[in-house]
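For reference, the structure is listed below as structure tokens.
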Amino acid sequence: MLVTWKYRRRNTFIQSLDPRTRLIFMLCVIFGLTIPEIWDFRIILPLFAVSLTLYLMAHIEWKDVKRAWLYIFVLVFFIVGLNGLLSGRGGPSTVTSLPSPVVFEVPIKIPFTEIGWDVPVTVSKIWFALNQMTRMLTMAILAIPIPYTMDPNIYGTAFRRMGASDKVAFTTDLAFRFLPTFARDFSITMDAQRARGYEMEKLKGGIAGRLRRLAPLIIPVVMQSTVTGEEVIDAMDLRAFGTKPRTWVKDNLKYAGRDYFLLGLGIAIFVGCCVLKWGFGIGEYFVPQFFSNLFL
Amino acid sequence: MSNQPLVIENLTFKYRTRPELALENISLELKQGELLLIAGSSGCGKTTLARCINGLIPRSYRGERTGKVLLHGTEVSEMPIPEMAQIVGTLLQDPERQIVASNVFNEIAFGPENLGLPREEINQRVDQALKRLNLEYLRERETFNLSGGEKQKVALAGVLTMNPSILLLDEPLASLDPASAHEALEVFRSLADEGKTVVLVEHRVEDAIEAKPDRLLYMEEGRIKYLGPIDNLPKEIDHTKVKLPAPWVVQRVKSLEIPAPPPPKPTVEESREPLVVFEDVDFQYDEEYPFILKDVNLKIYPGDLIAVLGPNGAGKSTLVKHAIGLLKPTKGRVLIEGQDTRKISVAQIARTLGYVFQSPTHMLYAPTVQEELEFGPNNLGYDPALIPTFVKESVSTVNLNGLEEYPPLGLSFGQQKRTTIAAVLAMRSKILVMDEPTAGQDFANYTRFMNALCDTSDNEQSILTANFAATLFITHDLDLAVTYANRVLLFGDKHIVADGDPKDVLKDVDLLLKYRVRPTSLLRLNLDLLPRTGQFLPAESLASYAP
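Just so you know, the protein sequences line up as chains A and B, in that order. Start counting the first sequence at 505; every next residue gets the next number (this note's numbering). Start counting the second sequence at 4; every next residue gets the next number (this note's numbering).
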């Protein structure tokens, strides 16, 4: 059985919005930053401020989202940030092609060999890593509150009313609930194996050996996910899903004034980013002088 | 051609992945308003037959099928799914497998929504189903927060809104407490009385009889062993293979003069130090959630064979998770052999306390049963020379002989359940803790297993005596407590409401009913005969005391 995220009803502006508004606004910001490839901090920072404001208006309790934030921080700071800092890749080529002073060098060595080299960290790479992390956070801050503040009973309806087919809408509804279900199954499996004396912290050996030792956790969780998937399919088949155009009983979504305002803002952000970049050439990556001066 | 709701003619089926026939030459015919009970042991073909009736075979499960399955005269495999789904409504064994929506209303409306019915009609059908099953109070609740009994009723409501003429109920009592099971059986009977054809697949025959089935189909190895009136059952079917009402067993044992010595129960050694101690334990998952345990005090001594009874959602599993250290008390403490569970790891506790989880799929991973059973002893660092002996004895105790090289995840649910029990038996912890050890298993298998486990004679196969200092099992099966336990804990209202000798705790029928434990025919017969027996006995052993 699929479980839902820890959703609570709250009397907030965010939860008074039509779910479609929030999804469309989020897509506008994401597409506004990614399609015209905006790397200019003068555009990114205001968008970050808008996202942060909306996040704070959701009034989500920290204890509910701290785990989600942990994953986001690991992803944004340790994976995206570190990659940007060391390689300068994942963005415009000018990050590495423009001349930029080296701030320090990071020695990297392939384990068990003598092969290694020093990776230069330039001012440009540092600025790029900061920019990249801010861009990612701008998008993540809009996405994180959705499962905690959007009624899980209207996921499917929201996507259907956004034009998705019955199958896509219901599949998206199921997909939304997959992650918390996976987390629950992982937790139960972990408990079941610990009760048999299994200790993950005592994994030994090389990578292959460690992976083998993870099998008691991975296989039951994967099997459980597969079984759950098959069960859901059987249960849906037995009740004639997908055989006729579906009636969505809870279809009472309606835009209000606040929805039109936010939709307008979202569309303005998307169109504005495109016009600035393609019309006026604003939005390219560059290192501002005040930042370069910090390292002189 | 017959236009009866269900006609099966010479049905034979073999799964593509299995060498043996799952069904062989099955023929039967069901009338409108008839309630058929299908019984048999694990792997006898009950579920396969159900899949043939609801069309999952051949649509979802591949194999070779011959013969016919006709729904109102039309072959099920040729029937479009929407049409078939409106004729056969299927209620699966575990409601968790059936519920797809996150909210009760959405779940019940799911089928009619898929049929594209008008909104007004869907609302009307949902309201009717909610009212029919007295579920109006659940209308806007989240499905994953419901109790087992509520989930089962919601799943049934979801089936009823499709307005099927045939109801196929695949072991619907498996996850229900006795009171919920009784309520469900009353609903099944009334649905048959209203004209639905009901196929009830259930190995808990004694319970299923409460639904007053018109006929019984008893299966063994994919074949029909008996098909006929329920009244003839004691003469036709061995009481050791299906669970029959105690008076029927007594009658059969007396008429056939079958000797049945009572199984001796282990003696509690209260003079020794307790193995497990709960001291004023409170527990809640979070400050904003209600307490699940409150003021729990408990001592488990060597020799204890404890049955934990209580309603669904009472906190029984939470109690034992504290003993294994998976949960830590919010207040109070739990001591395992004198050590606070907060200060030792779960792996350390596993040497003292082996815990069999309720769901096998959360535990099984190895490519063979043999390797699955070696996992725990290896983790605990046992002498490799001894492990094969532990594994062999465990396999034998739970009747998995010959399946050692099978992949556990490819076995039937009942066999998987026994594999998980064997996996913990092989760990030779001092205390064996089992969460619903009989769920999904047939009567013959779990009787054999419990007999082997609890046998306290000098028999070398006496697993419990030889290897475990104490055993605790959570169960909805009151007869397990009557037959095997030497101590009963009745759990309810977040704490232990009764604790003591089974004949002291279980004689208070009002208390049992208050906590949704429904007295069985075996308990009632034991209570009637207690002045003469002086102890609780299995039905066979009561034959020599019954008038």
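Built from N, CA and C at the ideal position, the CB exists for glycine as well.
Do we get a CB-CB distance below 7 Å when we pair residue i with the residues of chain B?
i, result
"N657 (chain A)", "yes"
"A662 (chain A)", "no"
"R717 (chain A)", "no"
"R743 (chain A)", "yes"
"M530 (chain A)", "no"
"A572 (chain A)", "no"
"Q636 (chain A)", "no"
"P724 (chain A)", "yes"
Please identify the residue among the options whose C-alpha is closest to the C-alpha of residue i.
i, options, result
"R65 (chain B)", "B:N381, B:T20, B:C47 and B:N454", "B:T20"
"P305 (chain B)", "B:Y288, B:P277 and B:K199", "B:P277"
"E705 (chain A)", "A:R717, A:A712 and A:A696", "A:R717"
"S520 (chain A)", "A:W543, A:R762, A:G588 and A:R665", "A:R762"
"D755 (chain A)", "A:L551, A:G536, A:R664 and A:L646", "A:R664"
"L40 (chain B)", "B:V394, B:F191 and B:F494", "B:F191"
"P523 (chain A)", "A:G733, A:G585 and A:D677", "A:D677"
"G506 (chain B)", "B:R527, B:R68 and B:E374", "The sequence as given places Lys at residue 506 (chain B); Gly does not occur at that position. Taking only the C-alpha atoms, the option nearest K506 (chain B) is B:R527."
"G413 (chain B)", "A:A668, A:A647, A:V731 and A:I630", "A:V731"
"F674 (chain A)", "B:V91, B:E116 and B:G341", "B:E116"
"P684 (chain A)", "A:A712, A:S729 and A:A696", "A:S729"
"F517 (chain A)", "A:I547, A:Y559, A:C532 and A:P540", "A:Y559"
"G253 (chain B)", "B:L532, B:Q538 and B:G537", "According to the sequence shown, residue 253 (chain B) is Val rather than Gly. For the residues B:L532, B:Q538 and B:G537, the minimum Cα distance to V253 (chain B) belongs to B:L532."
"D544 (chain A)", "A:L800, A:C778, A:F799 and A:D670", "A:C778"
"I327 (chain B)", "B:I309, B:D97, B:F360 and B:D298", "B:F360"
"R54 (chain B)", "B:G92, B:E23 and B:S44", "B:G92"
"A353 (chain B)", "B:S193, B:G46 and B:H325", "B:H325"
"A350 (chain B)", "A:I576, A:A699 and A:E734", "A:A699"
"I648 (chain A)", "A:Q793, A:L551 and A:W573", "A:W573"
Just to make sure I have the definition right: I need the residues of chain B whose C-beta is within less than 9 Å of the C-beta of residue i. Which are they?
i, result
"E703 (chain A)", "S348, V349, A350 and N382"
"A712 (chain A)", "Those do not exist, as A712 (chain A) stays about 17 Å from chain B at its closest Cβ, beyond 9 Å."
So with CB distances below 8 Å, who are the chain A contacts of residue i?
i, result
"M430 (chain B)", "R700 and G701"
"N126 (chain B)", "V753"
What does residue i touch in chain B if you count any residue whose Cβ is under 8 Å from its own?
i, result
"D689 (chain A)", "H365"
"V736 (chain A)", "V103"
Establish whether the CB of residue i and some CB of chain A are separated by less than 7 Å.
i, result
"A353 (chain B)", "yes"
"Y292 (chain B)", "no"
"R275 (chain B)", "no"
"Y548 (chain B)", "no"
"Y288 (chain B)", "no"
"Q418 (chain B)", "no"
"L26 (chain B)", "no"
"F281 (chain B)", "no"
"D461 (chain B)", "Low per-residue confidence applies at D461 (chain B): pLDDT is 49, beneath 50, and the placement is therefore not dependable, though the value from the model is reported in the following sentence. Chain A contact via Cβ: absent."
"Q464 (chain B)", "With a pLDDT of only 46 at Q464 (chain B), under 50, the local geometry of the prediction cannot be trusted, and the value read off the model is given with reservation. No, its Cβ sits nowhere closer than 7 Å to a Cβ of chain A."
"F113 (chain B)", "yes"
"G66 (chain B)", "no"
Going along chain B, which residues have a C-beta under 7 Å from residue i?
i, result
"A696 (chain A)", "F360, H365 and M366"
"Q519 (chain A)", "The contacting residues do not exist; Q519 (chain A) stays about 17 Å from chain B at best."
"M727 (chain A)", "T364 and L412"
Please compile the residues from chain A whose C-beta is within a distance smaller than 7 Å of the C-beta of residue i.
i, result
"N57 (chain B)", "L742"
Note down, in chain order, every chain E residue with its Cβ under 9 Å from the Cβ of residue i.
i, result
"E439 (chain B)", "Of the protein chains in the structure, A and B, none is chain E."
*Closer than 9 Å, Cβ to Cβ, to anything on chain A: give me those residues from the segment 75-90 of chain B, in chain order.*
So the close ones are P83, I84, P85, E86, M87, A88 and Q89.
*Looking at chain B, which residues of the segment 746-767 of chain A have a Cβ within less than 9 Å of any of its Cβ atoms?*
G746, T747, K748, P749, R750, T751, W752, V753, K754 and D755
*Give the residues from the segment 643-655 of chain A that approach chain B closer than 7 Å (Cβ to any Cβ), ordered along the chain.*
none
*What are the residues of the segment 587-609 of chain A that lie near chain B, defined by any Cβ-Cβ distance shorter than 8 Å?*
none
*Which runs of the alpha helix (DSSP H) fall wholly inside the segment 80-133 of chain B and span at least 4 residues, in chain order?*
84-90, 98-101 and 107-117
_Residues of the segment 554-566 of chain A in Cβ contact with chain B at a cutoff of 8 Å, in chain order, please._
none
*Determine which residues of the segment 89-108 of chain B have a Cβ less than 9 Å from any Cβ of chain A, and write them out in chain order.*
Q89, V91, G92, T93, L95, D97, P98, E99, R100, Q101, I102, V103, A104, S105, N106 and F108
_Near-chain B residues of the segment 667-688 of chain A - C-beta to any C-beta below 7 Å_ = R681
*Would you list, in chain order, the members of the segment 141-157 of chain B that have their beta-carbon closer than 7 Å to a beta-carbon of chain A?*
Going along the segment 141-157 of chain B in chain order, one finds E145 and F147 with a Cβ nearer than 7 Å to chain A.
*asked:* Could you tell me which whole alpha helix (DSSP H) segments of length 4 or greater appear in the segment 217-266 of chain B?
replied: Those alpha helix (DSSP H) runs which fall completely within the segment 217-266 of chain B and span 4+ residues are 236-239 and 249-259.
*Could you run through the segment 534-549 of chain A and flag, in chain order, every residue whose CB is less than 7 Å away from some CB of chain B?*
none
*Of all the beta strand (DSSP E) runs that stay within the bounds of the segment 268-322 of chain B, which reach a length of 3 or more residues?*
279-286, 296-303 and 308-312, all fully within the segment 268-322 of chain B.
*Which ranges would you report for the beta strand (DSSP E) in the segment 411-438 of chain B if only whole runs of at least 3 residues count?*
434-438
*Runs of alpha helix (DSSP H) wholly within the segment 340-371 of chain B (minimum 4 residues, chain order)*: 349-353
_Threshold first: 4 residues or longer. Then list the alpha helix (DSSP H) segments lying entirely within the segment 564-595 of chain A, N to C._
566-577 and 586-591
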